[in-house]
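Report on one structure; see the data block that follows.
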Amino acid sequence: MKIKNIAIIAHVDHGKTTLVDCLLRQSGVFGAHELEKVAERVMDSNDIEKERGITIFSKNASVRYGDYKINIVDTPGHADFGGEVQRIMKMVDCVVLLVDAFEGPMPQTKYVLKKALEQGHRPIVVVNKVDRPNARPEEVLYMVYDLFIELNANELQLEFPVVYASGKAGFAKKELEETSDNMQPLFETILEHVEDPEGDSAKPTQFLITNIEYDNYVGKLAVGRLYNGTLKRNQDVMLIKRDGKQVKGKVSVLYGYEGLKRVEIQEAYSGDIISVAGLDNIDIGETIADINESIALPVIDIDEPTLAMTFMVNDSPFAGKEGKFVTSRNIWDRLQKELQTNVSMRVEATESPDAFVVKGRGELQLSILLENMRREGFEIQVSKPRVLFKDIDGEKYEPIELAMVDVDDAFVGVVIEKMGIRKGEMITMTPGTDGYTRLEFKVPARGLIGFRNEFLTDTKGTGILNHSFYDFELYRGPIPTRAKGVLISLEQGTTVAYALGGLQDRGILFTDPGIAVYEGMIVGEHNRDNDLVVNVCKTKKLTNMRAAGSDDAVRLAAPRRFTLEQALDYIADDELVEITPENIRLRKKFLKESDRRKNSK
């Protein structure tokens, strides 16, 4: 069987998953009776992926075209999930780089392309969404060339084939002037330019584990590529661990991919992407090898984490009322389970038995983990995300992000000013034709924590901010944090409209009437820079006297509500976010006013 292995890479929202949908539909993977039931973005199978419209986990599918089986890996576009992208680069022989015909290359385009070029892949460039209004495919293609040169692509990589496409409309063409109503030109370009996988079925078995999945019937599944040799059902193999230790095992079940389905197979040959069951103690980056001639493949290198957060047992007065899993043992076991499939995350125990430090690639990656835990029934408290510094030759280095901002011309000044306060350094400024300007900054990662809310307020909700990890650079000095204090509840009880109405002049409220609160819980933002303890449970004293106007209904402004990411962005160093299956609450680390005063001295 002839095989081609490709990965589809792009910035988030440039249409990777929609394009994969289209390739699956047009290759005849779905029967006529199935087509009507197939949802859009069929590859995004996780609940959070469906809700947010983003890809978080890389997934495999395959299509048949002519004599070939084309294995396709759909990858995440967010740099926070860069570990997913890095590990699948070893699984494929070519990448299809997707670029939006209007937006052009974005920070994550740069990130994923850099990883592909480092592996020596020769990309196929697909300029997607050419049918959208104000598309500018020729201009975007020049920007892509510039990006390749900037990333030191070699001569072979610079001679990339170009296909113009619309994943949504279901067509591809090699020249803009051509007319097309199908994806055939893209399939032909893949067959023509993607090299057949290297490997020899006659050599000893070598299979690299690049992903781990779980099946209710057969347990853990090792997903990856068979580099050399063959693998058969019930074959005895040797598992070579990351530290070189060798463990004997047996392959109980083999799966190949047909469309989106895992299909049981009896034997797999070199070059194919498959799943192997029967080995329990497996980790990403390890090799399944021949029992007699066990030779390890190079281990996958993953970039270091750049952010850390402390996960703690919930100790608020409302602890245990809403969640099923509340103990430190529950949380530790869940984090260890996450480590088995998430290669770019680290978990460390602390001096306290009830707190663990979790290190990851960005706020989004950590907030997705928290959202998953919350839905599984966990109660947990987390601290403000903090940046991980590096010591290089006795100097302090910090992670720098490449931030790209598309903003209305009227707000350019305020964005440049706010980025300057956060030690951002402007690299380019490109005026657009539609009243928008594109600004590019190199800014410390800690400067972007908590910036998104302020940015949306400053740009009246019209600005677009994208950023991805750039490099470690010398520490740029202190950055000012949140300018305003908070309103803190004085006592435990239920909020009352009368009390909230009296506090509206003091700041912005975060809560409605009739909500349970406790002492030390944050109920609003103060207008000034200091914290203020307030009584939100105070009721009106009843008298038998009446006066015109004094009994009017209290009118309250709508409270500010926080998503999980916004809450993590908002809190200060002495505050925590309490996360339960039903609520997200902000609170002070020390709930009692006397304890806070003692600690601040």
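The sequence shown: position 328 = 336 (the working numbering), numbered continuously.
In this text, a Cβ means the ideal position worked out from N, Cα and C, and glycines have one as well.
Mind checking residue 437: buried by the 16 CB within 10 Å criterion, or exposed? In the sequence shown, counting from the first residue as 1, residue 437 sits at position 429. Label assigned to residue 437: exposed.
Three-state secondary structure (DSSP) of residue 590: As a first step, residue 590 must be located in the sequence shown, where it is residue number 582. DSSP places residue 590 in coil when its eight states are reduced to three.
Around the C-beta of residue 150, are 16 or more other C-beta atoms found within 10 angstroms, so that it is buried, or is it exposed? Against the sequence shown, residue 150 aligns to sequence position 142. That one is exposed.
Using a Cβ-Cβ cutoff of less than 6 Å, which residues in the same chain neighbour residue 41 once the five nearest sequence positions on both sides are dropped? Here residue 41 is taken as the residue at index 33 of the sequence shown, counted from 1. Because the pLDDT at residue 41 is just 40, under 50, the model does not fix this residue reliably, and the value given afterwards should be weighed accordingly. For residue 41, there are no CB contacts under 6 Å within the same chain when 5 residues up- and downstream are skipped.
Are residue 283 and residue 248 close, meaning C-beta to C-beta below 7 Å? If you number the sequence shown from 1, residue 283 lands on position 275. If you number the sequence shown from 1, residue 248 lands on position 240. No, the Cβ-Cβ distance between residue 283 and residue 248 is not below 7 Å.
Cβ-based neighbour list, residue 230, same chain, cut-off 6 Å, excluding 5 preceding and 5 following: Here residue 230 corresponds to residue number 222 of the sequence shown, with the count starting at 1. 217, 284 and 290, listed in sequence order.
As assigned by DSSP and simplified to three states, the class of residue 70: Counting from one through the sequence shown, the residue named residue 70 turns up at place 62. The three-state reading of DSSP puts residue 70 in strand, counting E and B together.
Sequence-distant residues of its chain with Cβ nearer than 6 Å to residue 420 (five each side left out): Residue 420 sits at position 412 when you count from the first residue of the sequence shown. Shown here for residue 420: same chain residues with a beta carbon closer than 6 Å to its own, the five before and five after excluded, namely 445 in chain order.
Please state whether DSSP places residue 380 in a helix, a strand or coil. Looking up residue 380 in the sequence shown gives position 372. Residue 380 falls in the helix class under three-state DSSP.
Supposed contact pair residue 136 and residue 173 - C-beta distance, whole angstroms, cut 8 Å: Against the sequence shown, residue 173 aligns to sequence position 165. Against the sequence shown, residue 136 aligns to sequence position 128. Taking a contact as a CB-CB distance under 8 Å, the pair residue 173 and residue 136 counts as one, their CB atoms being some 5 Å apart.
Is the separation between the beta-carbon of residue 317 and that of residue 390 shorter than 7 Å? Residue numbering aside, residue 317 sits at position 309 when the sequence shown is read from its first letter. Residue numbering aside, residue 390 sits at position 382 when the sequence shown is read from its first letter. In contact: residue 317 and residue 390 (Cβ atoms closer than 7 Å).
What does the alpha-carbon distance come out to for the pair residue 48 and residue 175? As a position in the sequence shown, residue 48 is number 40, starting the count at 1. As a position in the sequence shown, residue 175 is number 167, starting the count at 1. Legend: pLDDT at residue 48 = 46, less than 50; position of this residue unreliable, value from coordinates given subsequently. Pairing residue 48 with residue 175, the inter-Cα distance amounts to about 11 Å.
Let's see if you can read the secondary structure: which residues bound the alpha helix (DSSP H) around residue 424? Translated into positions along the sequence shown, residue 424 becomes position 416. Counting along the chain, the alpha helix (DSSP H) containing residue 424 begins and ends at 420-429.
Can you tell me whether DSSP reads residue 195 as helix, strand or coil? As a position in the sequence shown, residue 195 is number 187, starting the count at 1. Three-state DSSP puts residue 195 in a helix.
Can you list, in chain order, the stretches of the beta strand (DSSP E) that have 3 or more residues and sit fully within the stretch 389-418? You should have 398-400 and 403-416.
Distance between residue 450 and residue 481 (C-alpha atoms, nearest Å): To locate residue 481, count along the sequence shown from 1; it is residue 473. To locate residue 450, count along the sequence shown from 1; it is residue 442. If you take the alpha carbons of residue 481 and residue 450, they lie about 10 Å apart.
Assuming residue 265 contacts residue 68 under a Cβ cut-off of 8 Å, what Cβ separation, rounded to an integer in Å, is found between them? Working through the sequence shown from its first residue, we reach residue 265 at position 257. Working through the sequence shown from its first residue, we reach residue 68 at position 60. That belief holds up - the Cβ atoms of residue 265 and residue 68 are roughly 5 Å apart, short of 8 Å.
Spatial neighbours of residue 403 within its chain, please: CB distance less than 7 Å, with the 5 preceding and 5 following residues excluded, ordered by chain position. Position 395 of the sequence shown, counted from the first residue, corresponds to residue 403. Closer than 7 Å at the Cβ level, and outside the excluded window around residue 403, lie 482.
Tell me, please, which residues DSSP counts as bridged to residue 571. Here residue 571 refers to the residue found at position 563 of the sequence shown. Looking at the DSSP assignment, residue 571 forms no beta bridge with any residue, so it has no partner.
Tell me whether the stretch 423-437 and the stretch 341-359 touch, counting them as touching only if at least three CB pairs, one residue from each stretch, are closer than 8 Å. No: the two stretches stay apart, fewer than three of their Cβ pairs being nearer than 8 Å.
Helix, strand or coil: how does DSSP classify residue 157 here? Indexing the sequence shown from 1 puts residue 157 at position 149. Correct three-state label for residue 157: helix.
Which runs of the alpha helix (DSSP H) spanning at least 4 residues fall entirely within the stretch 261-307, listed in chain order? Look at the stretch 261-307 and you find no whole run of alpha helix (DSSP H) that is 4 residues long or longer.
Cβ-Cβ distance between residue 227 and residue 215 below 7 Å: Taking the sequence shown and counting its residues from 1, one reaches residue 227 at position 219. Taking the sequence shown and counting its residues from 1, one reaches residue 215 at position 207. No.
Taking a contact to mean a Cβ-Cβ separation below 7 Å, would you say residue 531 touches residue 476 in this structure? In the sequence shown, residue 531 corresponds to position 523, counting from 1. In the sequence shown, residue 476 corresponds to position 468, counting from 1. Not in contact: residue 531 and residue 476 (Cβ atoms no closer than 7 Å).
Between the stretch 401-415 and the stretch 321-332, do three or more beta carbon pairs fall short of 8 Å? They do not touch, by the three-pair rule.
Three-state class that DSSP yields for residue 547 in the structure shown: Numbered from 1 along the sequence shown, position 539 holds the residue referred to as residue 547. Reduced to three states, the DSSP call for residue 547 is coil.
As a quick exercise: from 14, 107 and 19, pick the residue whose alpha carbon is nearest that of residue 96. By 1-based counting over the sequence shown, the position of residue 96 is 88. Looking at the Cα atoms, 14 is the closest of the given residues.
Figure out for me which residue from 585, 260 and 240 has the closest Cα to the Cα of residue 274. Sequence index remark: in the sequence shown, residue 274 carries index 266 (1-based). Looking at the Cα atoms, 240 is the closest of the given residues.
Please report the straight-line C-alpha distance between residue 25 and residue 31, rounded to a whole angstrom. The residue you call residue 25 lines up with position 17 of the sequence shown. The residue you call residue 31 lines up with position 23 of the sequence shown. Roughly 10 Å between the two C-alpha positions.
Exposed unless 16 or more other CB atoms sit within 10 angstroms - verdict on residue 190: For this step, residue 190 is matched to residue 182 along the sequence shown. Taking a 10 Å sphere around the C-beta of residue 190, we find fewer than 16 other C-beta atoms and assign the residue as exposed.
If you draw a straight line from the C-alpha of residue 51 to the C-alpha of residue 131, how long is it? Along the sequence shown, one-based indexing puts residue 51 at 43. Along the sequence shown, one-based indexing puts residue 131 at 123. For residue 51, the predicted model reports a pLDDT of 47, less than 50, meaning its position is unreliable; a value from the coordinates is still stated below. Looking at the two C-alpha atoms, the distance is approximately 22 Å.
Quick one: give me the first and last residue of the alpha helix (DSSP H) that residue 463 is part of. Working through the sequence shown from its first residue, we reach residue 463 at position 455. Start and end: 459-466.
Sort 106, 524 and 110 by Cα distance to residue 117 and report the nearest one. The count along the sequence shown starts at 1 and reaches residue 117 at position 109. The shortest C-alpha separation from residue 117 is found at 106.
By a C-beta neighbour count over all protein chains shown, 10 Å radius and 16 as the cutoff for buried, is residue 34 buried or exposed? Along the sequence shown, read from residue 1 onward, the residue named residue 34 stands at position 26. Buried: at least 16 other Cβ atoms inside 10 Å.
Between 23, 474 and 236, which has its C-alpha nearest residue 277's C-alpha? Position 269 of the sequence shown, counted from the start, is the residue given in the question as residue 277. Nearest to residue 277 by alpha-carbon distance, out of 23, 474 and 236, is 236.
What did DSSP end up calling residue 479 once you bin it into helix, strand or coil? Your numbering for residue 479 matches position 471 in the sequence shown. Correct three-state label for residue 479: strand.
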